[in-house]
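Asks:
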Amino acid sequence: MPLQCESHPVASLTHGSRLACSILLWSLACGVLAWLSLYLSRHGGGVASLWFANAVAIASLLQRPLAEWPVRLLALGLVIALANLLMGSSWLQALCFAPANLLEIGVAVYLFQRHVQSGGWSDNPTSLLRCFLACGVIPGLFGASAGALVLLANDIGPLAKVWSTWYVSSLVGAMTVLPFCLQLRFTGLPFLRAEVVSRPTLAWLFACLSFQVLVQLKMPYPLVALLAPLVIAAVYLPFGSMAFVVAVCAITQSLLMGLGVMPLPPLTAEWQLLLVYATLALTFIVPLILASATRQNSLRQMALVRAESAAHASNLRLEQHQQLLDEASRLALLGAWEESGDGQYHWSRALFSLLDQSDKAPPGWEQLLPRFEPESATLLQQALLEARTQQRPWDIELTYLGQGGRRVQLRHIGQGRWSADGVYRLWGVVQDITAQRELDELKSHFVSATSHELRTPLTALHGALEMLAYTQAEALPAQAADLLEIARLNSRRLTQLIQTILDFEKIRLGKLEVQLTSVDMRALTLAVVRELQPYAAGFEVRFEVDSGRAPLLALADAGRVMQIMTNLLSNAAKFSLQHGVVSVALYEDASDVYWRVGNGGEPISVEMQQRLFQPFSQGDRRDGRQHYGTGLGLSISQAMAHAMQGEITCTSDTVIGTVFTLRLPKQGVG
Numbered sequence: 001m002p003l004q005c006e007s008h009p010v011a012s013l014t015h016g017s018r019l020a021c022s023i024l025l026w027s028l029a030c031g032v033l034a035w036l037s038l039y040l041s042r043h044g045g046g047v048a049s050l051w052f053a054n055a056v057a058i059a060s061l062l063q064r065p066l067a068e069w070p071v072r073l074l075a076l077g078l079v080i081a082l083a084n085l086l087m088g089s090s091w092l093q094a095l096c097f098a099p100a101n102l103l104e105i106g107v108a109v110y111l112f113q114r115h116v117q118s119g120g121w122s123d124n125p126t127s128l129l130r131c132f133l134a135c136g137v138i139p140g141l142f143g144a145s146a147g148a149l150v151l152l153a154n155d156i157g158p159l160a161k162v163w164s165t166w167y168v169s170s171l172v173g174a175m176t177v178l179p180f181c182l183q184l185r186f187t188g189l190p191f192l193r194a195e196v197v198s199r200p201t202l203a204w205l206f207a208c209l210s211f212q213v214l215v216q217l218k219m220p221y222p223l224v225a226l227l228a229p230l231v232i233a234a235v236y237l238p239f240g241s242m243a244f245v246v247a248v249c250a251i252t253q254s255l256l257m258g259l260g261v262m263p264l265p266p267l268t269a270e271w272q273l274l275l276v277y278a279t280l281a282l283t284f285i286v287p288l289i290l291a292s293a294t295r296q297n298s299l300r301q302m303a304l305v306r307a308e309s310a311a312h313a314s315n316l317r318l319e320q321h322q323q324l325l326d327e328a329s330r331l332a333l334l335g336a337w338e339e340s341g342d343g344q345y346h347w348s349r350a351l352f353s354l355l356d357q358s359d360k361a362p363p364g365w366e367q368l369l370p371r372f373e374p375e376s377a378t379l380l381q382q383a384l385l386e387a388r389t390q391q392r393p394w395d396i397e398l399t400y401l402g403q404g405g406r407r408v409q410l411r412h413i414g415q416g417r418w419s420a421d422g423v424y425r426l427w428g429v430v431q432d433i434t435a436q437r438e439l440d441e442l443k444s445h446f447v448s449a450t451s452h453e454l455r456t457p458l459t460a461l462h463g464a465l466e467m468l469a470y471t472q473a474e475a476l477p478a479q480a481a482d483l484l485e486i487a488r489l490n491s492r493r494l495t496q497l498i499q500t501i502l503d504f505e506k507i508r509l510g511k512l513e514v515q516l517t518s519v520d521m522r523a524l525t526l527a528v529v530r531e532l533q534p535y536a537a538g539f540e541v542r543f544e545v546d547s548g549r550a551p552l553l554a555l556a557d558a559g560r561v562m563q564i565m566t567n568l569l570s571n572a573a574k575f576s577l578q579h580g581v582v583s584v585a586l587y588e589d590a591s592d593v594y595w596r597v598g599n600g601g602e603p604i605s606v607e608m609q610q611r612l613f614q615p616f617s618q619g620d621r622r623d624g625r626q627h628y629g630t631g632l633g634l635s636i637s638q639a640m641a642h643a644m645q646g647e648i649t650c651t652s653d654t655v656i657g658t659v660f661t662l663r664l665p666k667q668g669v670g
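Numbering-wise (the UniProt record's numbering), the sequence shown opens with residue 1 and increments by one.
1. On the criterion of 16 or more Cβ atoms from any shown chain inside 10 Å, does H312 qualify as buried, or is it exposed?
2. How would you call I648, buried or exposed, if buried means at least 16 neighbouring beta carbons within 10 angstroms?
3. Please report how far the alpha carbon of G335 lies from the alpha carbon of P615, in whole angstroms.
4. Check whether the Cβ atoms of G600 and G580 lie closer than 7 Å to each other.
5. Quick check on the DSSP output: what are the complete alpha helix (DSSP H) runs of length 4 or more inside the stretch 510-589, in order along the chain?
6. What would DSSP say about A313, mapped onto helix, strand or coil?
7. Taking the beta carbon of C249 as the centre, do at least 16 other beta carbons fall within 10 Å, making it buried, or is it exposed?
8. How many Å lie between V172 and S314 at the Cα?
9. Run the proximity test for G364: is its beta-carbon closer than 6 Å to any non-hydrogen atom belonging to the ligand FMN?
10. Tell me which residue opens and which closes the beta strand (DSSP E) that A336 is part of.
11. Between which two residues does the alpha helix (DSSP H) harbouring T165 extend?
12. Run through DSSP, which three-state label would P603 get?
13. Return the CA-CA distance between E474 and T525, expressed in angstroms with no decimal places.
14. Look at the alpha carbon of Y535 and the alpha carbon of S570, and state the distance between them as a whole number of angstroms.
15. If you count every other CB in all the chains shown that lies within 10 Å of the CB of K574, and 16 or more means buried, which is it?
16. Just to confirm before moving on: does the CB-CB distance between L103 and G140 stay below 7 Å?
17. Closest to G343 by C-alpha separation, out of P179, W365, I636 and R406, would be which residue?
18. Determine the closest residue to T165 out of F180, P179, S419 and A146, with distance taken between C-alpha atoms.
19. Taking C-beta to C-beta, are C426 and E339 nearer than 7 Å?
20. For A59, which residues in the same chain have their Cβ closer than 6 Å to its Cβ, ignoring the five residues on either side in sequence?
21. Sort P551, F284 and V137 by Cα distance to A523 and report the nearest one.
22. To which residues of the same chain is S652 closer than 6 Å at the C-beta, ignoring the five residues directly before and after it?
23. For G77, which of helix, strand or coil comes out of DSSP?
24. Leaving out the 5 sequence neighbours to the left and right, which residues in its chain are closer than 7 Å to Y277 when beta-carbon positions are compared?
25. Using a Cβ-Cβ cut-off of 8 Å (strictly less than) and excluding sequence neighbours within five positions of P200, which residues of its own chain qualify?
26. Under a three-way DSSP split, which group does T279 fall into?
27. Return helix, strand or coil for L664, following the three-state DSSP convention.
28. Leaving out five residues on either side along the sequence, give the residues of the same chain with a beta carbon under 7 Å from the beta carbon of D592.
29. For the putative contact between I433 and Q409, defined by C-beta atoms under 8 Å, what is the C-beta separation to the nearest angstrom?
30. Say whether the stretch 63-82 touches the stretch 204-211, bearing in mind that this needs 3 or more beta-carbon pairs closer than 8 Å, one atom from each stretch.
31. I'd like to know whether the C-beta atoms of S292 and S122 end up nearer to each other than 7 Å.
32. With distances taken from CA atoms, which of L331, E540, Q323 and G341 is nearest A420?
33. Please report the straight-line C-alpha distance between M640 and V519, rounded to a whole angstrom.
34. Does the stretch 108-117 come within contact of the stretch 130-140, defined as at least 3 CB pairs closer than 8 Å?
35. By the DSSP assignment, the alpha helix (DSSP H) with E375 in it spans what residues?
36. Beta-carbon within less than 8 Å of V10's beta-carbon, same chain only, minus the 5 sequence neighbours each way: which residues are those?
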């Protein structure tokens with residue numbers, strides 16, 4: 001902290017010293033230019049010289065913070081007053097000239113900041129003319145009016161002549177030197193190194209100055225002739241270089257005018273002044289406007305080149321991405337397509353190869369219907385019709401006949417949308433799943449064959465173990481009896497597992513069979529609960545049944561219903577809290593019978609509820625207890641319920657726990 005406190009005044013002093021030096025040098029430069037203009041106008045060839053000091057001041061103030069303006073303007077007023085004092089004016093006259101110049105500078109800075117973009121004032125002729133208007137034409141009116149009043153009060157000359165002399169000298173001086181000053185202030189030293197101190201710029205400057213001096217000595221009225229080399233230079237030089245050339249030529253012209261080298265036209269004093277300065281403005285401003293137009297065209301060409309380069313690079317990236325996408329689609333056997341309402345079809349390259357089609361013009365799906373098996377063709381036609389009329393998406397599997405009668409299994413996914421003007425658009429993907437289905441068939445055949453081969457010996461083994469347990473368990477030693485009980489329970493689990501696998505395969509192949517008869521749901525419930533009482537006791541859970549006394553008859557398959565009840569009750573017992581209660585209830589409405597089972601265990605997450613009835617879905621338990629299973633029970637139970645025109649639903653929250661409800665149609669309804 002002491003080091004920081006000691007270094008702060010030093011840093012402030014250094015900054016103050018730099019600021020003071022900067023203001024001193026700047027004010028001296030403006031003072032020298034002001035003295036030079038006054039000297040040339042009073043010792044020259046009869047016309048007022050160009051006034052350059054204000055242009056330098058305007059450019060400098062635009063780049064300085066507002067806090068420095070009072071000090072800089074005060075210093076500027078003092079040096080202008082000093083310049084007038086050196087030229088013979090009284091102290092009172094010298095001090096009166098300063099406010100007029102400061103007023104002109106202040107108006108110019110204000111208008112430039114309000115109406116001209118500092119970064120784009122030279123990019124096109126319109127912006128450049130706006131800059132001339134803001135920094136020369138309008139501020140000059142204020143400065144000339146204030147200055148003329150000062151001169152008139154001191155009986156220096158007629159008001160009109162004094163006003164016009166002040167205005168035109170300040171106007172042309174600002175408009176010729178200001179572009180270079182602004183370019184230097186906004187771009188800094190890199191502009192000097194890159195554009196000003198360069199061979200082309202110096203060569204054109206030498207040519208223009210030589211031509212300028214030559215025509216001043218040889219021609220009676222040379223200003224129009226001087227325009228020619230400046231216009232040619234404006235075509236070849238950048239705007240910043242051209243602004244430098246014009247500024248040097250304008251200062252040279254002011255010297256020549258002040259020294260009386262340039263002969264004046266034989267006109268009256270008023271017309272002489274107007275003609276000279278109008279020609280000067282034309283001579284120096286036209287090349288600047290032409291250079292600005294050339295800069296604008298150059299910027300447009302650069303922007304066009306950049307846009308073309310960006311477009312080319314974008315096209316290359318698109319081609320690379322397209323190649324990558326095509327290669328990925330080929331490896332994944334996946335093709336994309338699109339159909340618009342006007343009958344236009346677009347296919348990816350992979351889809352042409354997938355369907356053995358020429359890649360010249362993609363056909364519509366209606367044209368390809370004969371290549372599908374009849375059932376698949378009907379399914380696809382129905383999906384397209386519903387998408388076009390109802391915007392219904394589809395995900396179907398189809399059999400396609402490829403070249404040589406090769407059967408190809410396709411997964412066809414798509415959707416449709418209607419635009420605001422009533423035109424539909426269909427799009428989707430097609431994937432070859434032939435190999436996947438062949439593997440599924442092999443897996444299913446292996447699982448089914450293995451399950452069937454295991455079911456017979458397991459059934460016999462379980463029967464033998466059951467008989468031994470009921471007839472010989474009491475005669476066996478305690479350790480042998482325990483081993484027999486474990487073997488009996490495990491054999492029953494294996495038998496149930498084999499049956500579950502077989503049921504799942506039947507459901508997957510669409511071969512699940514149900515025999516619908518009149519089923520007493522109350523009697524089945526009591527039977528299943530009685531059978532599962534020992535199972536629930538192992539989890540320290542008990543069943544409570546509210547089934548009423550009257551039979552509730554449903555149209556269902558009794559065996560399948562018992563499987564569903566067994567699965568739901570065993571799950572409720574497994575996932576119930578210790579010493580909990582599993583409640584079972586039966587009720588009905590006009591058309592259906594409802595069987596409900598619930599427990600007070602932890603609720604099932606929303607994410608898990610969304611995939612609860614999918615195959616192999618199992619939830620995680622927060623209490624750390626592990627419950628082994630295949631994850632097929634709920635999926636099989638739901639499929640059985642659907643086969644009997646029923647449904648299983650689930651609700652789960654922290655208030656009621658988890659409740660599963662089986663709905664089945666009533667006997668004699670419908």
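Think of the CB as a built atom: it goes at the ideal place given N, C-alpha and C, for glycine as much as any other residue.
Replies: In this structure, then:
1. exposed
2. buried
3. 28 Å
4. yes
5. 521-538 and 558-574
6. helix
7. buried
8. 49 Å
9. Among the ligands in the structure shown, none appear at all, so the ligand FMN cannot be discussed.
10. L334 to S340
11. L159 to T187
12. coil
13. 32 Å
14. 8 Å
15. buried
16. no
17. W365
18. A146
19. Before going further, note that residue 426 is Leu rather than Cys in the sequence given. For L426 and E339, yes; Cβs fall inside 7 Å.
20. C181, L182 and R185
21. P551
22. P603, I604 and T658
23. helix
24. V168 and V172
25. Y236, L237 and S241
26. helix
27. strand
28. R663, L664, P665 and K666
29. 5 Å
30. no
31. yes
32. G341
33. 15 Å
34. yes
35. P374 to Q390
36. Note on V10: pLDDT 45, under 50, position unreliable in the model; the coordinate value appears next. Answer for V10: no residue qualifies.
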